[in-house]
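Below is one structure, written out as structure tokens, with a few remarks after it.
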Amino acid sequence: MRLLLFFIGITWITLLQAQPKSLSIRETLSLVETQQPQLRASKERSIAAGYNTSLAHNTLVPDLTAGYQAGYATYNNITGMSYPGLMEPITGPPSTSNVYDPVPGTALAALLRWEPITFGQRQAAIEKASAQYKLATSEYNDAVFRQQYTALTIYIDLVYLKKLLTSLQANTDRTNQALQQSLVLAKEGLRPGIDTAQFEASLAQSEMDYLNMQRTYQLQLIELTRLTGLSLPPEEIILTDTSIATKTPLLPDSSRTFTDNPLYHFYQAKRDVSASALREKERSWRPHLDLWANAYARGSGVTSTGAIDKSAGWSLTRDNYGAGVQLSFPILQFSQVNIIKKQYRSFLRADEEQLAQVSLDLSKQVETARYAYRQNLLIAGHAPTVTRTQQSAYSGLQLSYHSGLIDYTRLTQAQYDLLKAEIAQAGATIQVWRSLLDMAVATGHLSLFTEQIQQP
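Counting from 11, one number per residue, gives the positions in the sequence shown under the numbering used here.
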């Protein structure tokens, strides 16, 4: 009984694993954002950039350094002090001659340093860090947007290729049907035997065309699984939003502009970083105010009379305290600072011009996409008429061929024209969706595209 249950469980798991994966357009967008390692790495970099703002704020916190020092040095150089360094040895006490007998010495020190006022320098650093974080975030958003656009483009291509596979299979069926009929007609002496050979060649070519298209479809599907992070083989992926190959989308909202495009935000953030960097350089030629305080205790193996008392070197017998303020100003750095400011002003102007160019490009991209959408929609409206006409023509020529009124060439030409019309109709419909996607990308709102998927 247990063995039976075990085999039932294994069979159930195998069936679950063998179930195909349904993939919609919305799920594709979600998987691209969450499953790509390179996008996760970009997101972590943007998070890391956000800590620079906290670090800039953290400079307001005082710096307190404590240390303990024990040494064994010559008689002449055994004591220490704590400012401006933590502990630096000095010579003493005075002696009439150099004495090189080693004696112990110890010191314990604490140094507090604080910059409560930076004359705008801290604020400039905070603003720059915030701008850099926004730049990193916009770079991540742009990377996600680009990858999602690529995935949507491939998804649309796959739907188109799937439609072509259907048309090619129908063409193969038509060719096979014509071959079977030619065999009957040739046997009855109504058609020449060469027609049968030609239909056989056409059937082989049609099957080759189908296999070539199937290969292209599978390769594109593999690329889509790479973008979505799916580990399934392409045979187990089923696209669910294939209805876009048979219907055109409704006219989208045309009031949106390019200002929400992630690329525009990226160059806008890049300009803001240059502006904040310029402010930081402008405030670098300002005073520096340091408040400091220290306390330290020492022990020396040399007494004040010059006698050696090594045991005293291990105990802290002298205490010292100090506090002060230091105000400094880089007087002669004005020339260097002016040159740096000119340099950063040029950087800022360059970024402003780059933003202006991106604005121009995106505005024209929106305009082009809207025009292409309208024209492609008109073209798609005429495509079904061509297909119906070619279908009627092919059906009529089939009867004419069976009656001996036309030859093989006329029939196969009509069959080719029908296939071409079916492919053109699918291409015209898909082209409308591509134009809609271009409009969504230019405006920075992929929802313009995805909202149309559920339209009847």
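Yeah, the Cβ is synthetic: ideal placement off N, Cα and C, and Gly gets one too.
All of these numbers come straight from a predicted model, not from anything done at the bench.
Can the beta-carbon of Leu407 be found less than 8 Å from the beta-carbon of Arg420?
Yes; because the gap between Cβ atoms is below 8 Å, this pair is in contact.
At which residues does the alpha helix (DSSP H) containing His67 begin and terminate?
Per DSSP, His67 belongs to the alpha helix (DSSP H) from Pro47 to Asn68.
Check this for me: beta carbons of Lys10 and Ala255, under 8 Å apart or not?
Outside the modelled stretch of the chain, which goes from 11 to 466, sits residue 10, for which no answer is possible.
Taking DSSP as the reference, what is the three-state secondary structure of Val71?
DSSP, read as helix, strand or coil, puts Val71 in coil.
Contact set for Ala307: own chain, Cβ-Cβ below 6 Å, skip 5 residues either direction:
Counting only Cβ-Cβ distances below 6 Å, and skipping sequence neighbours, we find Leu118, Leu326 and Asp329.
Please state the DSSP three-state secondary structure of Thr313.
Here Thr313 sits in coil by DSSP.
So what's Asn181 in DSSP terms, helix, strand or just coil?
Reduced to three states, the DSSP call for Asn181 is helix.
Within 10 Å of its beta-carbon, does Arg359 have 16 or more other beta-carbons around it, so buried, or fewer, so exposed?
Flag for Arg359 reads exposed.
Exposed unless 16 or more other CB atoms sit within 10 angstroms - verdict on Arg55:
Taking all protein chains shown into account, Arg55 has fewer than 16 neighbouring C-beta atoms within 10 Å of its C-beta and is therefore exposed.
So, Ala153 versus Asp282, is the Cβ gap smaller than 8 Å?
No. Outside cutoff.
Quick one: residues in its chain with C-beta nearer than 6 Å to the C-beta of Phe459, no 5 flanking neighbours on either side, listed in chain order?
Within the same chain, Phe459 has close Cβ partners Leu446, Leu447 and Ala450.
From this set, Ser310, Glu149, Thr453 and Glu432, which residue's C-alpha is nearest Ile57's C-alpha?
Of the listed residues, the one whose Cα sits closest to Ile57 is Glu149.
Arg266, DSSP secondary structure in three states:
It is coil, neither helix nor strand.
Check whether the Cβ atoms of Ala379 and Val442 sit closer than 8 Å, and answer yes or no.
The beta carbons of Ala379 and Val442 sit no closer together than 8 Å.
May I have the straight-line CA-CA distance separating Leu429 from Thr38, to the nearest angstrom?
Rounded to the nearest angstrom, the two C-alpha atoms are 31 Å apart.
Are the Cβ atoms of Asn271 and Ala120 separated by less than 8 Å?
Going by C-beta atoms, Asn271 is not nearer than 8 Å to Ala120.
Can you tell me where the alpha helix (DSSP H) with Ala255 in it begins and where it stops?
Bounds of any alpha helix (DSSP H) do not take in Ala255, whose DSSP letter is neither H nor E.
Residue(s) in a DSSP beta bridge with Glu121:
Sequence inspection shows Leu at residue 121; the Glu mentioned does not correspond to that position. According to DSSP, Leu121 shares a beta bridge with Thr75 and Asn304.
Which residue or residues does DSSP assign as beta-bridge partners of Ala80?
Beta-bridge partners of Ala80 (DSSP): Thr116.
contact_flag[the segment 223 to 242, the segment 335 to 342] where n(CB pairs < 8 Å) is 3 or more
Contact fails: fewer than three Cβ-Cβ distances are below 8 Å.
Given that a residue counts as buried once 16 or more other Cβ atoms are within 10 Å of its Cβ, and exposed if not, what is Pro262?
Flag for Pro262 reads buried.
Gly454 bridges to which residues according to DSSP?
Gly454 is not bridged to any residue.
Tell me which same chain residues have a C-beta within less than 6 Å of the C-beta of Arg293, skipping the five on either side of it?
Gly130, Gln131 and Ala134, listed in sequence order.
Own chain residues within Cβ distance below 7 Å of Glu217, not counting five before or after
Counting only Cβ-Cβ distances below 7 Å, and skipping sequence neighbours, we find Thr182.
Out of Ser369, Ala366 and Gly316, which one is the CA nearest neighbour of Tyr110?
When only C-alpha atoms are compared, the closest one is Gly316.
Between which two residues does the beta strand (DSSP E) holding Ile247 run?
Ile247 -> beta strand (DSSP E) spans Ile247 to Leu249.
Among Asp361, Leu301 and Ser314, whose alpha-carbon lies nearest the alpha-carbon of Gly332?
By alpha-carbon distance to Gly332, the top candidate from Asp361, Leu301 and Ser314 is Leu301.
Short check: CB of Arg444 to CB of Ile136, under 8 Å?
Not a contact, by the Cβ cut-off of 8 Å.
Hey, would you say Leu365 sits closer than 8 Å to Phe268, going by beta carbons?
Not a contact, by the Cβ cut-off of 8 Å.
Excluding the 5 residues flanking Arg462 on each side, which residues of the same chain have their C-beta closer than 6 Å to its C-beta?
A small fix is needed here, since residue 462 is Gln in this sequence, not Arg. Hits under 6 Å: Pro259.
Report the residue from Gln79, Arg225, Pro243 and Gln157 whose alpha carbon sits nearest the alpha carbon of Val32.
Looking at the sequence shown, residue 32 is not Val but Ser. That would be Pro243, whose Cα lies nearest to the Cα of Ser32.
What distance in whole Å lies between the Cβ atoms of Val368 and Thr453, which are believed to be in contact at a cut-off of 8 Å?
Rounded, the Cβ-Cβ distance is 14 Å, inconsistent with contact.
In the structure shown, what three-state DSSP assignment does Arg328 receive?
Strand.
How should Asp361 be labelled, buried or exposed, when 16 other C-beta atoms within 10 angstroms of its C-beta is the threshold for buried?
Buried: at least 16 other Cβ atoms inside 10 Å.
If I'm right that Ile433 touches Ser177 with Cβ under 8 Å, what's the distance once you round it to whole angstroms?
About 6 Å separates the two Cβ atoms, so the contact holds.
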